[in-house]
Structure formats: structure tokens, C-alpha cells
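A.B. asks: Each residue of the sequence shown is one higher than the last, beginning at 1 in the UniProt record's numbering.
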Amino acid sequence: MKMIHHLFIVLLSVLFITTSCATKRPVLYPNEHLNKVGREIADKDIDDCFQLAEAYVGKYGTEKKVAEQTVVGAAVGAATGAAVGAVTGDVGRGAAAGAAGGGASGLFFGLFKARDPDPLVRQYMEKCLGDKGYTVIGWE
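#1: Give the secondary structure of P117 by DSSP, where H, G and I count as helix, E and B as strand, and everything else as coil.
#2: Taking 7 Å as the cut-off, decide whether the C-beta atoms of C49 and L120 are in contact.
#3: Rounded to the nearest angstrom, what separates G89 and K127 at their Cα positions?
#4: In this structure, how does DSSP classify G58 when only helix, strand and coil are distinguished?
#5: Which term fits V136, buried or exposed, when burial requires 16 or more other beta carbons within 10 angstroms of its beta carbon?
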């Protein structure tokens, strides 16, 4: 039980640190417009488009993405652990261990995936920036 408590604290710490990382931002092609306005104005335009995307499309849902991945990972882990436990003779312990491992796996996957903007937000951003004269060539 003490080990699970320590694992929980470590996972919460990692969650806090990782979700503090910024969402990926668009990378702009250095076209005539970008060269004319400069990086500072372009960054402001990117921020403005993010605000508009949030207003019209909705929040990015980072926490929701992470929570969903964690639940899926825990469910898959519990099922796998229960199956292993059935073979070894301790279904409960196998399910608990599998849920903990699967939940941790889902959490980490969700944390890294959460940096990616929602596809609808991404499309909105690319359209918004295109209307301002920029060309988005990627996200990082």
C-alpha cells in the first residue's frame, strides 16, 4: 500500500511538471508577410488566433485528454492483470497491479499527447493565420 502511495505522489508530480509545458505552436514559413511584420508581431498574431480559437472552438481540453488516456490505460491494465492473476491464482492482486501499471502508462501517454492541439483548433489556427498573410508549415 505504501508503494502505491509513493507512486501516486510521483505521478502527480510528473503530471504537474508536464502539463506546465506549453501547447505546441504553429511554425510559420518565412514568406514576404512574415519578413515584413517581424517575429514579434507574428507571435502576437499567433496568440490572438489562439484566443479566437478558444472563444469559437472551445478550450483545448488538455486535462480531459490526460484523464481519458489514464482511465483507458487503467482499464486495459486491470483486465490484463486480472487475466494474469487468473492464471497465477491471485486475480485481485493481478487486477490491482495491472490497473496501477496501465494507469501510469495511460497517464504518461496522455501527458505527452496533450501538447498536441485539438485538430479543430489546429485547423482554426491555420485558417486564422492564413487570413492574416502567414503560411503554417508545421507545429512544435
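For glycine and all other residues, C-beta sits at the position ideal for the given N, C-alpha and C. Remember, it's a predicted structure, so these values are computed and weren't measured experimentally.
C.D. replies: A quick look at the data gives this:
#1: coil
#2: no
#3: 57 Å
#4: coil
#5: buried
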